[in-house]
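Participant: FYI, the working numbering numbers position 115 of the sequence shown as 158, with every residue one higher than the one before it.
For glycine and all other residues, C-beta sits at the position ideal for the given N, C-alpha and C.
These numbers come from a predicted model, not from an experiment.
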Amino acid sequence: MSTVAGALLCALGLTASYDFFTTSNRRIPFGYPQFLLENIAAPRIVIDAGSSSMFGIEPGLIEQAFSMPVIDVADNGSIPLEMKIYRLLKYARQGDTLILPFEWVYYTRDEEPQDFTDKTPDEYAAYYASQPFLARVAFAVQHLSLHNLSDGGRLYLRKDLWPGHVSRIKADMAKWPLGDRKDDSRRRSSVEGIGCADYIAATGNIPPVVEWAAKQLAGLQTQRGVRIYVTWPAVAGTNCYALANGRLPIADQARAIFQRHGIAVVGEPEDSYFSPEHMLDTYYHVDSGAARLRTERLIGRLQDAGLKAGAPAGKPTILLAEEAVRGLP
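In structure tokens, the structure reads:
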């Protein structure tokens, strides 16, 4: 019994110390997408997934189509699905619309990537902090180390931490004011020797976390009036999908889970599947031409699913972002 109590006290101490550091370190968000999520008021359209949606969606076209501010807060596929959901639970507002084109790894991964854990002291601090307290304790017990704690403390002591965050936010806003990242100069392969099917891994067993995620999103819809649309990631390459009778099994399985919980799933994987000449550095990063076509198709699918334009447009997203950035120290 004393061993259990000691372990619990250690976990609570680690969590308390880590909470203090991450809360202090993220007083100003690490990056521009998180800044937008915290500072652009609802109603708005929020796009969230991994980097496929940073490159593969044109938020400006969606803003034109639906007369509503649109922000792309997608970042990195190494972030676990439950952390994506916790962040949405914390920051989605009444009247928001969420578009979620999750990469295929979100439907097959059942582990905590080390890359995510190592970056929670700063870059991914908002994800860590979005968890309820008991979930943070469990996370600390399972994943955090003294190395992570020392990283948090080291960052806390840096006098240039917050100025660095502000500089990064302002620089990214100047290049990508809606949060997406279009960079056709990245047309260089980072996937030599890896086929598209192996890289995107659109096969496998769906872990229980997907069912949990669907339940949480359903709660957002019913309790907070948030509209949610799940769709598919942008991919460019050859032989990326292994179809069965013309269908992608994992997509059909994921669709069934979300629809069972009342979450709309729009489109088909082929809507956002492009030939190899549209690939940039990875199969998940498509060029701006593919992003535009994919977005036009997505807009049509959203309209078919019942998403309508909002009231006459007020301030555009870019102006709202500029006003928010002016409030930074």
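1) Residues in its own chain within less than 8 Å of LEU204 by CB, not counting five upstream and five downstream?
2) In whole angstroms, what separates the C-alpha of ILE306 from that of SER233?
3) Excluding the five sequence neighbours on either side, which residues of its own chain have a C-beta within less than 8 Å of the C-beta of PHE64, listed in chain order?
4) Under 8 Å, with one C-beta from each stretch per pair, do the stretch 261-270 and the stretch 213-233 reach the 3-pair mark?
5) Can you have a look at PHE98 and say buried or exposed, based on whether 16 or more other CB atoms are within 10 angstroms of its CB?
6) Can you name, in chain order, every residue of its own chain whose Cβ lies under 6 Å from the Cβ of GLN77, other than the five neighbours on each side?
7) What residues in its chain sit with their C-beta under 7 Å from that of GLY259, if we drop five residues either side in the sequence?
8) If you reduce the DSSP assignment to three classes, tell me which class THR338 lands in.
9) Taking contact to mean 3 or more Cβ pairs, one atom from each stretch, closer than 8 Å, check whether the stretch 145-153 and the stretch 173-183 are in contact.
10) In the stretch 196-241, which residue ranges form an unbroken alpha helix (DSSP H) of at least 4 residues, counting only runs that do not cross its ends?
11) For GLU366 and LYS213, I'd like the C-alpha separation in whole angstroms.
12) Spatial neighbours of GLY353 within its chain, please: C-beta separation below 8 Å, excluding the five flanking residues on both sides.
13) What do you get for GLY443, buried or exposed, if any count of 16 or more other CB atoms within 10 angstroms of its CB means buried?
14) Beta-carbon separation of ASP153 and VAL273 under 8 Å?
15) With three or more C-beta pairs closer than 8 Å as the rule, is the stretch 309-324 touching the stretch 334-342?
16) Could you tell me which residues DSSP pairs with ARG290 in its beta bridges?
17) Tell me, which residues are paired with VAL113 by DSSP?
18) Could you check how far apart the C-beta atoms of THR151 and ILE249 are, in whole angstroms? I think they sit under 8 Å.
19) Would you kindly work out how many angstroms separate the C-alpha atoms of GLN346 and LEU221, rounded to a whole number?
20) Would you mind stating whether ARG229 and LEU336 have Cβ atoms separated by less than 8 Å?
21) Determine the extent of the beta strand (DSSP E) in which ARG270 is found, giving its start and end residues.
22) Classify ILE306 as helix, strand or coil using the three-state DSSP reduction.
23) Considering just the uninterrupted stretch of the alpha helix (DSSP H) at LEU132, what are its terminal residues?
24) Can you name, in chain order, every residue of its own chain whose Cβ lies under 6 Å from the Cβ of ALA277, other than the five neighbours on each side?
25) Tell me, please, which residues DSSP counts as bridged to TYR316.
26) Which value, in whole angstroms, describes the spacing of the CA atoms of ALA117 and MET126?
27) For VAL113 versus THR360, is the C-beta spacing smaller than 8 Å?
28) Can you give me the C-alpha to C-alpha distance between LEU284 and ASP241, rounded to a whole angstrom?
29) In the structure shown, what three-state DSSP assignment does ILE142 receive?
30) Just the Cα atoms here: how many angstroms apart are PRO319 and ALA279?
Facilitator: Inspection of the coordinates gives the following:
1) By 1-based counting over the sequence shown, the position of residue 204 is 161. Excluding residues within five positions, the ones whose Cβ falls inside 8 Å are ASN68, ASP165 and LEU198.
2) Residue numbering aside, residue 306 sits at position 263 when the sequence shown is read from its first letter. Residue numbering aside, residue 233 sits at position 190 when the sequence shown is read from its first letter. For ILE306 and SER233, the gap between their C-alpha atoms comes out near 35 Å.
3) Here residue 64 refers to the residue found at position 21 when the sequence shown is read from its first residue. These residues qualify, in order along the chain: PRO164, LEU192, GLY195, GLY196, LEU198 and TYR199.
4) no
5) Within the sequence shown, residue 98 is the residue found at index 55, counting from 1. The residue is buried, with at least 16 neighbouring Cβ atoms inside 10 Å.
6) For the purposes of this step, residue 77 is identified with residue 34 of the sequence shown, where counting begins at 1. Counting only Cβ-Cβ distances below 6 Å, and skipping sequence neighbours, we find ALA169.
7) One-based indexing of the sequence shown puts residue 259 at position 216. The sequence given here places Gln at residue 259; Gly does not occur at that position. If we look at GLN259 and ignore the five residues flanking it on each side, its Cβ neighbours are ILE128 and LEU132.
8) In the sequence shown, counting from the first residue as 1, residue 338 sits at position 295. THR338: helix per DSSP, three-state reduction.
9) No: the two stretches stay apart, fewer than three of their Cβ pairs being nearer than 8 Å.
10) 204-218
11) Taking the first residue of the sequence shown as position 1, residue 366 is located at position 323. Taking the first residue of the sequence shown as position 1, residue 213 is located at position 170. Approximately 12 Å, taken between the alpha carbons.
12) Translated into the one-based positions of the sequence shown, residue 353 becomes position 310. Answer for GLY353: PRO86, PHE109, SER110 and MET111, listed in chain order.
13) Residue 443 lies beyond the stretch modelled for the chain, which goes from 44 to 372, so this question has no answer here.
14) As a first step, residue 153 must be located in the sequence shown, where it is residue number 110. As a first step, residue 273 must be located in the sequence shown, where it is residue number 230. Against a cut-off of 8 Å, the Cβ pair of VAL273 and ASP153 comes out as no contact.
15) Taking a cut-off of 8 Å for Cβ pairs, the stretch 334-342 and the stretch 309-324 touch, as three or more such pairs fall below it.
16) Residue numbering aside, residue 290 sits at position 247 when the sequence shown is read from its first letter. ALA287.
17) Here the question's residue 113 lines up with position 70 in the sequence shown. Bridge partners of VAL113: ILE88.
18) As a first step, residue 151 must be located in the sequence shown, where it is residue number 108. As a first step, residue 249 must be located in the sequence shown, where it is residue number 206. About 7 Å separates the two Cβ atoms, so the contact holds.
19) Position 303 of the sequence shown, counted from the first residue, corresponds to residue 346. Position 178 of the sequence shown, counted from the first residue, corresponds to residue 221. If I take the Cα positions, the gap works out to 21 Å.
20) Position 186 of the sequence shown, counted from the first residue, corresponds to residue 229. Position 293 of the sequence shown, counted from the first residue, corresponds to residue 336. Against a cut-off of 8 Å, the Cβ pair of LEU336 and ARG229 comes out as no contact.
21) The residue you call residue 270 lines up with position 227 of the sequence shown. Looking at the DSSP string, the run of the beta strand (DSSP E) that includes ARG270 is 270-273.
22) Sequence index remark: in the sequence shown, residue 306 carries index 263 (1-based). If DSSP states are grouped into helix, strand and coil, ILE306 belongs with coil.
23) Along the sequence shown, one-based indexing puts residue 132 at 89. Residues 124-134.
24) The count along the sequence shown starts at 1 and reaches residue 277 at position 234. The answer, listed in chain order, is SER95, GLY99, SER315, VAL329 and ARG337.
25) Along the sequence shown, one-based indexing puts residue 316 at 273. VAL278.
26) Taking the first residue of the sequence shown as 1, we reach residue 117 at position 74. Taking the first residue of the sequence shown as 1, we reach residue 126 at position 83. Their Cα atoms are separated by approximately 13 Å.
27) As a first step, residue 113 must be located in the sequence shown, where it is residue number 70. As a first step, residue 360 must be located in the sequence shown, where it is residue number 317. It is a contact, given that the beta carbons lie within the stated cut-off.
28) The sequence position of residue 284 within the sequence shown is 241, counting from 1. The sequence position of residue 241 within the sequence shown is 198, counting from 1. The question names Leu, yet the displayed sequence has Tyr at residue 284. TYR284 and ASP241: Cα-Cα distance of roughly 10 Å.
29) For the purposes of this step, residue 142 is identified with residue 99 of the sequence shown, where counting begins at 1. Strand.
30) Residue numbering aside, residue 319 sits at position 276 when the sequence shown is read from its first letter. Residue numbering aside, residue 279 sits at position 236 when the sequence shown is read from its first letter. PRO319 and ALA279: Cα-Cα distance of roughly 5 Å.
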